[in-house]
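Each remark here refers to the structure printed beneath this line.
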Amino acid sequence: MTNDIVLRVENLWKSYGKLQVLRGVSFTVRRGEVKVIIGPSGSGKSTLLRCINLLVRPDKGRIELEGHEVFPRPSMSISKIRERIGFVFQQFNLFMHLTALDNVRIGLIKVKKMSKEEATKKAIEALRMVGIDESLWNKYPAQLSGGQQQRVAIARAIAMEPSIILMDEPTSALDPELVGEVLKVIEKLAKQRKTMLIVTHELDFALEAADEIMVLDHGVIVEKGTPEEILRHPKHERTRKFIERIARRTQI
Amino acid sequence: MNPIAFFEPLRPYIGVILSGLPTTLILTFGGFGIGLLIGPLLAFLEVYGPTWVSRIATAIEETIRGIPLLVILFLVFFGLPSIGIQLSPIASAIIAIGIRSFAYQSQIIRSAILSIPRGQWEAALSLGMSPVEAFINVIAPQAFRIAIPGLVNQFTIDLKDTSLAYAIGVAELFTQSVHVAQVILDYMPPLVFVALIYFVLTYSASLGAGFLYKKLSIPGLGGGQQA
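Residue numbers (this note's numbering), protein chains in the order written: chain A, 70 to 321; chain B, 310 to 536.
As structure tokens, then:
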């Protein structure tokens with residue numbers, strides 16, 4: 070693993086009216102690193118990810134992507150920044166009017182301006198990587214299971230070859246029996262040293278795949294460390310309770 | 310009642326009534342066409358424009374939807390000359406129908422755009438599309454499919470309401486049928502005849518729309534066949 074920093078977030082603040090969602094969040098993600106963010110709902114996890122690709126505008130702080138300023142003064146167009154940040158949504162958000170293949174191809178053709186042949190080749194490669202085989206390429210999202218949809222969404226993100234992939238609770242909207250197939254794909258990406266920042270409640274997965282876990286609570290990172298440290302020996306009482314609560318829920 | 314006997318007095322005049330058909334179609338396609346040019350633009354401004362633009366667009370739409378077509382028609386034909394704009398009856402009718410149609414079409418398209426989940430928009434932006442690219446590649450194709458039934462319904466309304474052009478003397482289907490009625494001194498046969506023509510026209514439009522809808526339908530998007 071090289072040491073260059075892909076993402077640097079410094080003292081990030083965001084509030085909605087009086088509600089302070091992020092209160093000075095700072096961290097970095099290095100190339101090839103997988104960082105997992107955990108934390109109770111309402112702790113600001115989704116807002117944090119959305120701030121990084123500017124779907125939500127932070128109030129103050131600083132964001133850098135591979136040394137280029139993203140916020141407050143973007144050093145390139147916002148579209149160019151987003152092109153370099155993959156985003157996987159909780160609700161998949163596949164384009165409903167496009168087939169699985171076209172969902173993966175559209176960004177390559179319309180944004181990366183690839184030829185159709187080139188884009189097709191690349192899209193198929195990405196679909197194969199997430200285990201979506203040929204029989205599903207021409208299906209529309211509504212004809213796919215949730216797990217298949219999320220895997221296509223991951224393919225759509227990785228085909229763009231982003232510098233980092235942000236995942237916002239990628240398995241939370243799935244039926245329990247479909248969670249495994251998606252986590253397996255993400256673990257595969259982790260093994261290939263794809264740089265990822267993942268919000269999840271899947272602690273087993275975090276233990277397996279994360280280089281570091283950050284615990285977000287009330288808009289601040291209350292602790293961070295290796296999965297072992299955080300999950301087995303949490304320093305904070307609130308972290309311990311939160312982890313216990315999730316662990317109990319998943320075991321039952 | 311024997312239908313042949315019923316329409317018998319009409320026989321020499323069927324050609325006269327049908328001579329109004331091209332005009333009816335011109336008014337329909339012209340008016341609906343104007344609506345199709347301006348309606349989506351207005352809807353776009355309402356949804357994506359800055360607040361003040363959006364408010365103006367909404368105000369225009371609401372105002373027009375609150376005015377009876379006959380009033381719009383008279384304003385265009387009898388009103389505009391007083392500010393120096395003199396239009397032929399046919400042009401006036403096309404414009405009046407167009408004005409009313411764009412107000413309704415913008416409403417249909419606006420609600421179609423708004424019915425598309427926000428996540429579609431966010432996913433498009435996240436891929437690196439600009440807002441315009443996101444609209445063209447992701448929002449518009451979905452909104453259009455959702456809007457088809459509403460737009461076709463508006464088309465049939467426009468078609469039927471071309472009959473109001475009678476009031477400013479445009480020789481369309483209904484006007485011609487009234488003229489024939491006045492000649493043969495019997496209203497029933499020409500009016501039933503012209504009603505049938507309107508029905509056939511609107512029904513074919515619906516059938517055509519159903520075909521189009523099916524052809525463009527995508528599983529899970531706006532009522533096509535399900536997965």
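No residue lacks a Cβ here, since even glycine has one placed at the ideal position from N, Cα and C.
Option in the options with minimal Cα separation from residue i
i	options	result
residue 403 of chain B	B/365, B/375, B/428 and B/473	B/473
residue 80 of chain A	A/101, A/140 and A/108	A/140
residue 173 of chain A	A/154, A/194 and A/160	A/194
residue 247 of chain A	A/216, A/230, A/277 and A/225	A/216
residue 289 of chain A	A/253, A/116, A/158 and A/220	A/116
residue 279 of chain A	A/286, A/259 and A/287	A/259
residue 283 of chain A	A/114, A/87 and A/75	A/114
residue 342 of chain B	B/413, B/318 and B/513	B/413
residue 405 of chain B	B/467, B/329 and B/450	B/467
residue 119 of chain A	B/376, B/434, B/462 and B/312	B/434
residue 180 of chain A	B/371, B/438 and B/510	B/438
residue 370 of chain B	B/418, B/330, B/401 and B/383	B/418
residue 84 of chain A	A/186, A/191, A/256 and A/94	A/94
residue 476 of chain B	B/385, B/314, B/360 and B/352	B/385
residue 481 of chain B	B/464, B/460, B/496 and B/506	B/506
residue 445 of chain B	B/429, B/457, B/333 and B/458	B/429
residue 432 of chain B	A/236, A/208, A/98 and A/291	A/236
residue 92 of chain A	A/209, A/286, A/213 and A/176	A/286
residue 162 of chain A	A/313, A/256 and A/209	A/209
residue 187 of chain A	A/76, A/202 and A/170	A/170
Per DSSP, the bridge partner or partners of residue i
i	result
residue 85 of chain A	A/88
residue 176 of chain A	DSSP, once it has assigned bridges, lists no residue as partnering residue 176 of chain A.
residue 113 of chain A	Answer by DSSP bridge pairing: none, since residue 113 of chain A is not bridged.
residue 168 of chain A	Its beta-bridge partners do not exist; DSSP assigns none.
residue 488 of chain B	In DSSP, residue 488 of chain B forms no bridge with anything.
residue 137 of chain A	A/134
residue 96 of chain A	A/78
residue 182 of chain A	The partner list for residue 182 of chain A (beta bridge, DSSP) is empty, contrary to what the question assumes.
residue 361 of chain A	The structure shown does not extend to residue 361 of chain A, since chain A spans only 70 to 321, so no value can be given for it.
residue 267 of chain A	A/105 and A/236
Listed by chain order, chain A residues near residue i by CB distance under 7 Å
i	result
residue 439 of chain B	148
Contact list for residue i against chain B, beta-carbon separation under 9 Å
i	result
residue 122 of chain A	434 and 435
residue 209 of chain A	527, 528, 529, 530 and 536
residue 151 of chain A	434, 435, 436, 437 and 438
Same chain, Cβ closer than 7 Å to residue i, five either side skipped, listed in chain order
i	result
residue 536 of chain B	Confidence at residue 536 of chain B is low in this model, with a pLDDT of 33, below 50, so the placement of that residue is unreliable and no value is reported for it.
residue 243 of chain A	215, 216, 219 and 251
residue 356 of chain B	419, 422 and 423
residue 189 of chain A	174
Proximal residues to residue i (C-beta, below 6 Å), its chain only, five neighbours per side dropped
i	result
residue 270 of chain A	315
residue 199 of chain A	220, 223, 224 and 254
residue 316 of chain B	498
residue 392 of chain B	none
residue 304 of chain A	292
residue 267 of chain A	105 and 236
residue 73 of chain A	100
Residues that residue i contacts on chain B, provided the C-beta gap is smaller than 8 Å
i	result
residue 238 of chain A	Near residue 238 of chain A there are no residues of chain B at all, since even the closest Cβ is about 13 Å away, more than 8 Å.
residue 229 of chain A	436 and 437
Close beta carbons around residue i, own chain, < 8 Å, minus the five adjacent residues each side
i	result
residue 478 of chain B	398 and 484
residue 276 of chain A	296, 297 and 300
residue 455 of chain B	421, 424, 425, 530 and 531
residue 358 of chain B	366
residue 499 of chain B	319, 322, 326, 486, 487, 489, 490 and 493
residue 145 of chain A	137
residue 339 of chain B	403, 406 and 407
residue 226 of chain A	155, 156, 157 and 234
Chain B residues whose Cβ lies nearer than 7 Å to that of residue i
i	result
residue 156 of chain A	435
Open item on the list: Residues of the segment 159-184 of chain A in Cβ contact with chain B at a cutoff of 7 Å, in chain order, please.
Closed with: Cβ contacts with chain B come from 160, 162, 164, 165, 166, 175, 176, 179 and 180.
TODO: Residues of the segment 426-437 of chain B with a CB closer than 7 Å to any CB of chain A: list them in chain order, please.
DONE: Along the segment 426-437 of chain B, going in chain order, the ones with a CB nearer than 7 Å to a CB of chain A are 428, 429, 431, 432, 434, 435, 436 and 437.
Open item on the list: By the 9 Å beta-carbon criterion, what residues does the segment 346-359 of chain B contribute toward chain A?
Closed with: Those residues of the segment 346-359 of chain B placed with their C-beta closer than 9 Å to a C-beta in chain A do not exist.
Open item on the list: Output needed in chain order: residues of the segment 442-475 of chain B with a Cβ under 8 Å from some Cβ in chain A.
Closed with: Taking 8 Å as the cut-off between beta carbons, the residues of the segment 442-475 of chain B near chain A are 442, 446, 447, 450, 451 and 454, in sequence order.
- [ ] May I ask you to list, following chain order, the residues of the segment 507-532 of chain B that have a beta carbon less than 8 Å from some beta carbon of chain A?
- [x] Within the segment 507-532 of chain B, the residues whose Cβ lies closer than 8 Å to some Cβ of chain A are 527, 528, 529 and 530, listed in chain order.
Task: Near-chain B residues of the segment 73-104 of chain A - C-beta to any C-beta below 8 Å - done: If the cut-off is 8 Å between Cβ atoms, the segment 73-104 of chain A has nothing near chain B.
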